[in-house]
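Chemist: My questions will all concern the structure given below.
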Amino acid sequence: METTTVNQQTSMPRIGDNAPSFKAVTTQGEINFPEQYKGSWVILFSHPADFTPVCTSEFMTFASLDKKFADANCKLVGLSVDGLYSHIAWLRTIKEKIEYKGMKNVEVTFPLIEDITMEVAKKYGMIQGESNTKAVRAVFVIDPSGVIRTIIYYPLSLGRNFDELYRVVIALQAADAFKIATPADWQPGDDVIVPTADSCGVAKERMENKEEMHCYDWFFCTKKLDKEKVMNTILKK
1 METTTVNQQT SMPRIGDNAP SFKAVTTQGE INFPEQYKGS WVILFSHPAD
51 FTPVCTSEFM TFASLDKKFA DANCKLVGLS VDGLYSHIAW LRTIKEKIEY
101 KGMKNVEVTF PLIEDITMEV AKKYGMIQGE SNTKAVRAVF VIDPSGVIRT
151 IIYYPLSLGR NFDELYRVVI ALQAADAFKI ATPADWQPGD DVIVPTADSC
201 GVAKERMENK EEMHCYDWFF CTKKLDKEKV MNTILKK
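What follows is the structure in structure tokens.
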């Protein structure tokens with residue numbers, strides 16, 4: 001008898017979409033997402049499983065950077081398809097037993113979602129072809145209005161670069177605040193990109209203007225944006 005395998009397709013939110021809403025039990029109590037996070041940037045991220053080494057290294061790193069993200073008005077929310085008691089036991093083990101890259105006694109205080117039914121993971125397209133029972137390493141950067149601004153997916157075997165995730169949050173906020181774009185490998189203090197001219201007149205003016213910006217050609221102009229100005233705006237000092 002011939003059998004047919006049916007692949008269940010899950011939804012895939014897109015950049016610019018409103019973040020799908022859900023209520024969930026977490027290690028920090030029940031959350032109503034993203035409604036209760038309005039006004040803050042959020043990184044919603046998934047990991048494959050508790051008590052696994054790559055995930056342990058990631059949670060220790062994220063927890064160590066929690067204040068740094070909070071200072072940039074960005075909150076962290078984790079998720080896996082494991083249960084609440086597994087989450088609690090794993091996080092306790094991290095705090096009491098694990099030392100990694102100089103990090104020890106690390107306490108994870110941001111919420112870790114219990115998603116045994118995979119309801120949230122499926123809403124966010126976190127279940128990929130690598131496994132039908134584990135979420136991949138998905139990252140969603142969501143703005144204060146609840147809109148998805150960045151989506152990054154990593155395979156199960158690849159730990160995330162947390163310096164890059166922080167850079168993404170800072171770059172998005174700088175782009176919003178100063179109406180600019182950021183070039184490849186941008187870091188605060190580097191030159192930023194001025195939006196492309198939308199008329200012949202503006203293009204001509206830019207090519208003739210040597211003070212405020214540097215134009216490599218009419219479509220590619222940069223200007224200086226001081227690091228202190230960027231960070232003071234974002235960190236609200």
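For reference, each letter of the sequence shown is one residue, going 1 to 237 in the working numbering. In this text, a Cβ means the ideal position worked out from N, Cα and C, and glycines have one as well. Since this is a predicted model, take the numbers as computed values, not measurements.
Output the distance between the C-alpha atoms of Phe219 and Leu172, rounded to the nearest integer angstrom.
Modeler: 21 Å
Chemist: Using CA atoms only, rank isn't needed, just tell me which of Cys215, Gly39 and Phe22 is closest to Ile31.
Modeler: Minimum Cα distance to Ile31 is reached at Phe22.
Chemist: Grab me the residues of Tyr100's own chain with a C-beta within less than 8 Å of its C-beta, minus the 5 sequence neighbours each way, in chain order.
Modeler: Thr56, Ser57 and Met60
Chemist: Who pairs with Ile180 in a beta bridge, going by DSSP?
Modeler: According to DSSP, which records beta bridges pairwise, Ile180 is partnered with nothing at all.
Chemist: Measuring straight from C-alpha to C-alpha, what distance separates Phe62 and Ala177?
Modeler: Between the alpha carbons of Phe62 and Ala177 lies a gap of roughly 26 Å.
Chemist: Spatial neighbours of Trp186 within its chain, please: CB distance less than 8 Å, with the 5 preceding and 5 following residues excluded, ordered by chain position.
Modeler: Arg167, Ala171 and Val192
Chemist: Do the CB positions of Phe51 and Leu76 come within less than 8 Å of each other?
Modeler: Between Phe51 and Leu76, the CB-CB gap reaches or exceeds 8 Å.
Chemist: Please classify Pro155 as buried or exposed, where buried requires at least 16 other C-beta atoms within 10 Å of its C-beta.
Modeler: Classification for Pro155: exposed.
Chemist: Can you confirm whether the stretch 89-106 touches the stretch 132-142 when touching is taken to mean that 3 or more C-beta pairs between the two stretches lie within less than 8 Å?
Modeler: They do not touch, by the three-pair rule.
Chemist: Note down the Cα distance separating Ala49 from Ser80, rounded to an integer number of angstroms.
Modeler: 6 Å
Chemist: Could you give the residue range of the alpha helix (DSSP H) that holds Glu119?
Modeler: Glu119 to Lys123
Chemist: Identify the continuous alpha helix (DSSP H) that holds Asp185 and give its terminal residues.
Modeler: Where Asp185 is concerned, there is no enclosing alpha helix (DSSP H), given that its DSSP letter is neither H nor E.
Chemist: Using C-beta distances below 7 Å, list every residue in its chain close to Val106, excluding the 5 sequence neighbours before and after it, in chain order.
Modeler: Met60, Ala63, Ser64, Ile94 and Lys95
Chemist: Check whether the Cβ atoms of Gly189 and Asp143 sit closer than 8 Å, and answer yes or no.
Modeler: no
Chemist: What are the boundary residues of the beta strand (DSSP E) that includes Lys149?
Modeler: Sequence check: residue 149 is Arg here, not Lys. Start and end: Ile148 to Tyr154.
Chemist: Looking at the strands, I want to know which residues DSSP matches up with Leu165.
Modeler: Partner residues in a beta bridge of Leu165, as assigned by DSSP, do not exist.
Chemist: Give me the Cβ distance between Tyr153 and Pro13, rounded to the nearest whole Å; I'm assuming they're in contact under 8 Å.
Modeler: With 8 Å as the limit, Tyr153 and Pro13 do not qualify as a contact, their Cβ atoms being about 12 Å apart.
Chemist: Just grab the DSSP bridge partners of Gly78 for me.
Modeler: Phe45 and Leu112
Chemist: Ser157: buried (16+ other C-beta within 10 angstroms of its C-beta) or exposed?
Modeler: exposed
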